[in-house]
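Residue numbers (my numbering): 1268 to 1396.
By construction, the Cβ of each residue, glycine as well, lies at the ideal position given by its N, Cα and C atoms.
Source: prediction; values computed, not measured.
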């Protein structure tokens, strides 16, 4: 009798990382190599409209999905996004970080740079989510 749930290592052909499960491999590919997959649409330049769509989609996803804590979902219901000015420092910083992400596809670096640059230096009156 063979165990159909035998584990085998799945190796990423881009970087050689060994994954124990298919789900782990898929998460790794999405986080590290998402922009390298074939058939992806061309990356858009980050504009005010694109930024607003990204934020709206993220907030809607958190509010609708039951995997997030209820208090977080309720808190996000109280937030509103005030669109940035085209020449603002915040938008310039976000554009630079976004362009770095589109080049290397590393979501972890994107989030780290975003929180280190934007959330720390943001004036709460000029940029609210």
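Residue i by DSSP, collapsed to three states: which one?
{"i": "residue 1333", "result": "coil"}
{"i": "residue 1280", "result": "coil"}
{"i": "residue 1323", "result": "helix"}
{"i": "residue 1375", "result": "helix"}
{"i": "residue 1345", "result": "coil"}
{"i": "residue 1359", "result": "helix"}
{"i": "residue 1383", "result": "helix"}
{"i": "residue 1404", "result": "Lying before the first or after the last residue shown, residue 1404 is absent from the chain, which here runs from 1268 to 1396."}
{"i": "residue 1318", "result": "helix"}
{"i": "residue 1313", "result": "coil"}
{"i": "residue 1366", "result": "helix"}
{"i": "residue 1339", "result": "helix"}
{"i": "residue 1307", "result": "Residue placement at residue 1307 is flagged as unreliable, the pLDDT there being 44, under the threshold of 50; the coordinate-derived value follows with that caveat. Looking at residue 1307 - three-state DSSP - the assignment turns out to be coil, as it is neither helix nor strand."}
{"i": "residue 1300", "result": "coil"}
Just to confirm the assignment, what range does the alpha helix (DSSP H) spanning residue i have?
{"i": "residue 1287", "result": "Where residue 1287 is concerned, there is no enclosing alpha helix (DSSP H), given that its DSSP letter is neither H nor E."}
Contact defined as beta carbons within less than 8 Å: I believe residue i pairs with residue j. What is the distance between those atoms, to the nearest angstrom?
{"i": "residue 1378", "j": "residue 1313", "result": "Actually they do not touch by this definition, with Cβ atoms about 16 Å apart."}
Hey, out of the options, whose CA is closest to residue i's CA?
{"i": "residue 1275", "options": "1351, 1291, 1327", "result": "1291"}
{"i": "residue 1319", "options": "1333, 1356, 1361", "result": "1361"}
{"i": "residue 1369", "options": "1300, 1289, 1280", "result": "1300"}
{"i": "residue 1372", "options": "1297, 1340, 1277", "result": "1297"}
{"i": "residue 1316", "options": "1376, 1374, 1334, 1358", "result": "1358"}
{"i": "residue 1356", "options": "1286, 1384, 1340, 1334", "result": "1384"}
Measure the CB-CB distance between residue i and residue j and report whether it falls below 8 Å.
{"i": "residue 1326", "j": "residue 1351", "result": "no"}
{"i": "residue 1348", "j": "residue 1322", "result": "yes"}
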